[in-house]
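Numbering (the numbering used here), first residue to last: 2 to 134. The beta-carbon is built from N, C-alpha and C at its ideal position, and this holds for glycine as well. Heads up, the thing below is written out as C-alpha cells.
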C-alpha cells in the first residue's frame, strides 16, 4: 500500500533500481509504476485461470508485465512455454508444509524459471545435487 513515488525514490536512493522486481497487488499500482518508473520490472500473479498457450499469449498481450507469479499448480507445460516464448519468466510459489524434493522435481519438470521457497538452504542443496546449480 506504499506510495509508488515514495517507494521508487527509496529504491533509487539505495541504488537498487537494477536489483528489484516490484510485485503488483492491485491494478492501479501497475498504472502508477508504468507512469512513474516505466522501466521497473513488474511481477503479478495470474489474475485468472489460464490453461492453454493461446490464453497465456492473450493474457501477456493484454498486460505489460515482466515476471509471472502464483502457485506452481496454476501452470502447465503449455502455459509455461507460452510465457517463455514471450520472454516472461515464471517464478512460481512452491511454499507449503510438505515442500521438498518431490514438489521441486514436479515444478522443475514443468520448466519454471524460478521457485519461491520457504526453504532456500534445502533447495540450494537439492539443486546442487541435481547439477542444476
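Query	Result
I'd like the span of the beta strand (DSSP E) that includes residue 124, first residue to last.	Per DSSP, residue 124 belongs to no beta strand (DSSP E); it is in the alpha helix (DSSP H), 121-131.
May I have the straight-line CA-CA distance separating residue 86 from residue 106, to the nearest angstrom?	23 Å
What first and last residue would you give for the alpha helix (DSSP H) that runs through residue 25?	Where residue 25 is concerned, there is no enclosing alpha helix (DSSP H), given that its DSSP letter is neither H nor E.
At what residues does the alpha helix (DSSP H) containing residue 82 begin and finish?	78-86
Looking at the secondary structure, which residues open and close the alpha helix (DSSP H) in which residue 106 lies?	102-111
May I ask you to report which of helix, strand or coil DSSP gives residue 96?	coil
For a quick check, are the C-beta atoms of residue 54 and residue 84 less than 7 Å apart?	no
Consult DSSP for residue 12 and reduce its assignment to one of helix, strand or coil.	helix
With residue 61 as the anchor, note down where its alpha helix (DSSP H) starts and where it stops.	54-63
Would you mind stating whether residue 61 and residue 91 have Cβ atoms separated by less than 7 Å?	no
Please state whether the Cβ-Cβ distance between residue 12 and residue 18 is less than 7 Å.	yes
Report all residues from its chain with a CB closer than 8 Å to the CB of residue 125; omit the five preceding and five following residues, and keep chain order.	134
Quick one: give me the first and last residue of the beta strand (DSSP E) that residue 40 is part of.	Here residue 40 belongs to no beta strand (DSSP E), and DSSP marks it neither H nor E.
Between residue 119 and the rest of its own chain, which residues show a CB-CB distance below 6 Å, the 5 nearest in sequence each way excluded?	96
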